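Step one of this worksheet: look at the structure below.
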Amino acid sequence: MQKSKIQNPKSKLNLNIKSPKKIFNNLSLGFYYSFVIGVLAFVILLSGCSVQEGSVSSEAKVTIRGWHWMTDREEAFDELVRQYEEKTGVRVKFELYAPSDAYTQKVRAAAQAGTLPDIFGLLGEKRDFSSFVIAGHVANLNEEMLKDESAWKNRFFSRAIAVSEFLSGNEFNVEPGVYGVPLDVMNIQMLYNKDLLKEAGIRKPPKTWDQFLAMGPKLKAAGIHGFVSGWGEMWMIDCFASNYAFNIMGEEKVMDTIRGEVSYTDTDWIEVFNLFKEMRDAGFLYSGIVTMVNKTAEQLFSNEKSAFSFNGSWCVNVYSGMNPDLNYGVMLPPKKGKFPMKIWGGAGSSFLVNNRSLFKKETIEFLKWLSDDAQQTYLAEVTKNLPANKNSIGKLSPVLSGFVKAMEDTTHPNIWPVHEFPRVIEAFDKGIQAIIIGEKSPAEIALEVQKVKEKELKKKRR
Amino acid sequence: MKSNSKHIIIKRLKLVVIYIFLSIVALTCVFPLLWMVGSSLKTQATVFSDTSLFPAQPEWRNYYLAWTKGEFSIYFLNSIFYTTFVVFGIILISSLAAFGFSRLKFPGSNFLFYMFLAAMMIPLPGSFVPLYVLVNNIRKLLIEFLANISPQLMNFFPASFVQQSTAFIQHQAFPRFAYIFCMINVGLSLSIYILKTFFDKMPKELEDAARIDGCNKLGIWRHVAIPLARPAIAVITIFNALNVWNEYILAQLILSTKDTMPLQRGLIVFQGMHVTDYPLLMAGMTMTAIPILIIYLIFQKHIIKGITAGAVVG
Numbered sequence: 089m090q091k092s093k094i095q096n097p098k099s100k101l102n103l104n105i106k107s108p109k110k111i112f113n114n115l116s117l118g119f120y121y122s123f124v125i126g127v128l129a130f131v132i133l134l135s136g137c138s139v140q141e142g143s144v145s146s147e148a149k150v151t152i153r154g155w156h157w158m159t160d161r162e163e164a165f166d167e168l169v170r171q172y173e174e175k176t177g178v179r180v181k182f183e184l185y186a187p188s189d190a191y192t193q194k195v196r197a198a199a200q201a202g203t204l205p206d207i208f209g210l211l212g213e214k215r216d217f218s219s220f221v222i223a224g225h226v227a228n229l230n231e232e233m234l235k236d237e238s239a240w241k242n243r244f245f246s247r248a249i250a251v252s253e254f255l256s257g258n259e260f261n262v263e264p265g266v267y268g269v270p271l272d273v274m275n276i277q278m279l280y281n282k283d284l285l286k287e288a289g290i291r292k293p294p295k296t297w298d299q300f301l302a303m304g305p306k307l308k309a310a311g312i313h314g315f316v317s318g319w320g321e322m323w324m325i326d327c328f329a330s331n332y333a334f335n336i337m338g339e340e341k342v343m344d345t346i347r348g349e350v351s352y353t354d355t356d357w358i359e360v361f362n363l364f365k366e367m368r369d370a371g372f373l374y375s376g377i378v379t380m381v382n383k384t385a386e387q388l389f390s391n392e393k394s395a396f397s398f399n400g401s402w403c404v405n406v407y408s409g410m411n412p413d414l415n416y417g418v419m420l421p422p423k424k425g426k427f428p429m430k431i432w433g434g435a436g437s438s439f440l441v442n443n444r445s446l447f448k449k450e451t452i453e454f455l456k457w458l459s460d461d462a463q464q465t466y467l468a469e470v471t472k473n474l475p476a477n478k479n480s481i482g483k484l485s486p487v488l489s490g491f492v493k494a495m496e497d498t499t500h501p502n503i504w505p506v507h508e509f510p511r512v513i514e515a516f517d518k519g520i521q522a523i524i525i526g527e528k529s530p531a532e533i534a535l536e537v538q539k540v541k542e543k544e545l546k547k548k549r550r
Numbered sequence: 424m425k426s427n428s429k430h431i432i433i434k435r436l437k438l439v440v441i442y443i444f445l446s447i448v449a450l451t452c453v454f455p456l457l458w459m460v461g462s463s464l465k466t467q468a469t470v471f472s473d474t475s476l477f478p479a480q481p482e483w484r485n486y487y488l489a490w491t492k493g494e495f496s497i498y499f500l501n502s503i504f505y506t507t508f509v510v511f512g513i514i515l516i517s518s519l520a521a522f523g524f525s526r527l528k529f530p531g532s533n534f535l536f537y538m539f540l541a542a543m544m545i546p547l548p549g550s551f552v553p554l555y556v557l558v559n560n561i562r563k564l565l566i567e568f569l570a571n572i573s574p575q576l577m578n579f580f581p582a583s584f585v586q587q588s589t590a591f592i593q594h595q596a597f598p599r600f601a602y603i604f605c606m607i608n609v610g611l612s613l614s615i616y617i618l619k620t621f622f623d624k625m626p627k628e629l630e631d632a633a634r635i636d637g638c639n640k641l642g643i644w645r646h647v648a649i650p651l652a653r654p655a656i657a658v659i660t661i662f663n664a665l666n667v668w669n670e671y672i673l674a675q676l677i678l679s680t681k682d683t684m685p686l687q688r689g690l691i692v693f694q695g696m697h698v699t700d701y702p703l704l705m706a707g708m709t710m711t712a713i714p715i716l717i718i719y720l721i722f723q724k725h726i727i728k729g730i731t732a733g734a735v736v737g
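Pasting the structure below:
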């Protein structure tokens, strides 16, 4: 074979470059043939996978498509849709897209392209939800919900429905109605480790704030950390403070504050801020709590490093994985004020019906079946989530039952008639973090939050 | 004599400090990998309590469970398919484009090149919605086209074959190739930039010699530029293979069925909304890391050559 040896004088690269014409004649096509054969083999292999799908879809009468992001419920959904197809002949095909950020991207892109599936869920605030409704992507289920004396609607906890419901005169100008079917509910309460309390000589969990604070020294003496929570995630601080705001001053006054009619420098608000100082002074808080993510807090509580925790009902699932032997109970945050304690809670996940679906009627029928007692019981048992259906709570574990009992005492910013400015929320939460680390006093924070509030109100008036 | 030994001691001390520093850097790089392998051999209960790097009683079964539960076999095939086609496509297109930008002078070549460079500045999530809408519109056209030609095809082929073929094109071939083209598009800018830098340094004498041997422009690209650019191609291969192998968000956007998804789809099974099965996740991640490690080891020599020869010099 003829070769022309070319030396590159500058880079000193030695090359053996074959004469091009001869190379073309002598080119070994073996590799290319084998590559093409390989590709063809792969395509045939894939077509083997696809034939089944094609044939099934051509045979099935109706195929409802659904998208979800709930990785831990994939198997349970697969089982339920299998049962539904067996019963009705209607095929339901769920596709899982996770994590939730990627799922949200997919839903937004599909909404713009007009390719949303028959069933989908929305993650985010009610404002985003309302924009999907206004754009005509979500079906109003009110008529179906209210049929037969509200038979479908009455199955659910009222808070579960509230997240997907738009009342008349709502601030988003959405046509009143229910726009989602709740699958499960959640709420956030306090957890206590029974064994650690016993070790510290405490027989009963606290009912009042004073009882709770009095436990601080006892736990400290026994070498046990008092309280852990993911307060590095600011919404959790917000949640804890909001519980006590409702408890100390009542719902009306909280709403009046958001409307700008009551100042954050009011004594009741300073009392709310002061709770965090009291917890710090009593040595209750786990070190580093203001930067702690909830996952770390969950690890610490499940590893019995802390006597109390503040967490959502999903923790049952988490703790059972991390430490199946953890002996713990659930309780409402100990009371401080005279008003009812309102905890955060509501629908965990909901399914929406595509308003432009070709199988809208069939999709609604399927969701009715999915939210029926038996299916909800099955989902609750398998996934250890609280069912949205009130009639499916019979077989729950004691801790989950404890969570369910408080379902009617829940609230959530999404269902409040007025909403606080994001900058005020930020100042509020960061202020509490500053109190916990001893940087500022409750009165100072109250003043700072009020200043931000006034600034935002001024902007709004302009 | 004394000053000489002092000099040797200082030199050795310097070396010791350098080696300690390098060992610490190497350890920080290797530690996450070791932690991943160690965690993959623990149980869900011990992963949070057992602080040892390698458990006393390793749970080798996690690998089997991760493989079966994550349905890795089909995802592995898919990822190999996507990675092969995307990397091959990027090398082919970017080497042609870079050779053109470097060696062929045509009006607006600089402008076009800077346009490619500018594309590097657009983050992938920024182009999600337009890409999805574009792919979807092409899909609609394809479906329309298939619907129009199906009756004619049925005159020559059995109806079931035509139906199955159109279903295959719609649900399997189209989404897969749409994803491949999108990923090629994502990887082009950087690859063109790397290769152009490399081709710019290629001596003109080589081109002349090839021309004397009878090569046209395409021949020079095929027989001179490409063999010379092997180190740069190795860098491109590893960069893009890594990118495609680990990509999931765009795949999720474009691919609509589970059986077309890449390997990363297998991993999300272990990451619940609130609960993550760490041992199985780590076992899955270890398995997904192996092919890319092999690619790296194969191309390691070329990558070092590519970097030292200026393949990735700015």
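Chains as they are written, first to last, in the working numbering: chain A, 89 to 550; chain B, 424 to 737.
Glycine is no exception: its CB is placed at the ideal position from the N, C-alpha and C atoms.
None of the values given here were measured: they were computed from a predicted structure.
query	result
Would you identify the three-state DSSP class for THR384 of chain A, choosing helix, strand or coil?	helix
Output, in sequence order along the chain, the residues in the stretch 649–674 of chain B whose CB is closer than 8 Å to any CB in chain A.	PRO650, LEU651, TYR671 and ILE672
Could you tell me whether the Cβ of HIS697 of chain B comes closer than 8 Å to any Cβ of chain A?	yes
Could you please give me the residues that DSSP links to ASN442 of chain A through a beta bridge?	A:VAL226
Using a Cβ-Cβ cut-off of less than 7 Å, list which residues of the stretch 557–582 of chain B approach chain A; keep chain order.	ASN559
Under three-state DSSP, which class holds PRO702 of chain B?	helix
Any beta carbon of chain A sitting closer than 8 Å to that of LYS681 of chain B?	yes
Looking at SER397 of chain A: is its Cβ nearer than 8 Å to the Cβ of SER317 of chain A?	yes
Against chain D, which members of the stretch 150–164 of chain A pass a CB distance test of less than 8 Å?	In the structure shown, chain D does not exist; the protein chains are A and B.
Quick check: what's the CA-CA separation for LYS393 of chain A versus PHE315 of chain A?	9 Å
So GLY224 of chain A and ASN443 of chain A are supposed to be a Cβ contact under 8 Å. How far apart are they, rounded?	5 Å
Would DSSP call HIS313 of chain A helix, strand or coil?	strand
With H, G and I counted as helix, E and B as strand and the rest as coil, what does DSSP make of VAL273 of chain A?	strand
Could you round the C-beta distance between VAL169 of chain A and VAL180 of chain A to whole angstroms and report it? I think they count as a contact, below 8 Å.	4 Å
If you run the structure through DSSP and keep just helix, strand and coil, what is ARG153 of chain A?	strand
Can you name, in chain order, every residue of its own chain whose Cβ lies under 7 Å from the Cβ of ASN477 of chain A, other than the five neighbours on each side?	ARG243, PHE244, SER459, ASP461 and GLN464
Would ASN427 of chain B count as contacting chain A if we go by Cβ distances under 8 Å?	no
Of the choices B:SER426, B:LYS563 and B:TYR487, whose alpha-carbon is the least far from that of MET710 of chain B?	B:TYR487
Using 10 angstroms around the beta-carbon of ASN232 of chain A, count the other beta-carbons present and answer buried if the total reaches 16, otherwise exposed.	Inspection of the sequence shows that residue 232 of chain A is occupied by Glu rather than by Asn. Buried, by the Cβ-count rule.
On the DSSP bridge assignment, give the partners of THR498 of chain A in chain order.	A:ILE431
Within 10 angstroms of its Cβ, does TYR374 of chain A collect 16 or more other Cβ (buried), or is it exposed?	buried
With distances taken from CA atoms, which of A:GLU469, A:GLY433 and A:LEU467 is nearest GLN277 of chain A?	A:GLY433
Helix, strand or coil for SER502 of chain B per DSSP?	helix
Between the stretch 548–560 of chain B and the stretch 672–679 of chain B, are three or more C-beta pairs nearer than 8 Å?	yes
Do you know offhand how far LEU488 of chain A's Cα is from LEU515 of chain B's?	58 Å
Under a CB-based cut-off of 8 Å, is LEU720 of chain B close to chain A?	no
Please work out which residues of its chain come closer than 6 Å, Cβ to Cβ, to SER390 of chain A, disregarding the five sequence neighbours upstream and downstream, and give them in chain order.	TYR407, MET410, ASN411 and LEU414
Keeping to the same chain, check which residues put their C-beta closer than 6 Å to that of GLY268 of chain A; ignore five residues upstream and five downstream.	SER252, SER438 and LEU440
So the alpha helix (DSSP H) LEU184 of chain A belongs to, where does it begin and stop?	That residue, LEU184 of chain A, is in no alpha helix (DSSP H); its beta strand (DSSP E) goes 179–184.
Put LYS295 of chain A into one of helix, strand or coil per three-state DSSP.	coil
Could you say if the stretch 661–671 of chain B and the stretch 474–489 of chain B meet the contact criterion of at least three C-beta pairs nearer than 8 Å?	no
Flag ILE717 of chain B as yes if its beta-carbon sits less than 8 Å from any beta-carbon of chain A, otherwise no.	no
Within 8 Å, do at least three Cβ pairs link the stretch 517–524 of chain B to the stretch 609–616 of chain B?	yes
If the criterion is Cβ atoms closer than 8 Å, does the pair ILE643 of chain B and ALA633 of chain B meet it?	yes
Taking only beta-carbon positions, decide if LYS548 of chain A is within less than 8 Å of chain B.	no
Taking the alpha-carbon of GLU162 of chain A as reference, which of A:VAL150, A:PHE334 and A:LEU184 has the nearest alpha-carbon?	A:LEU184
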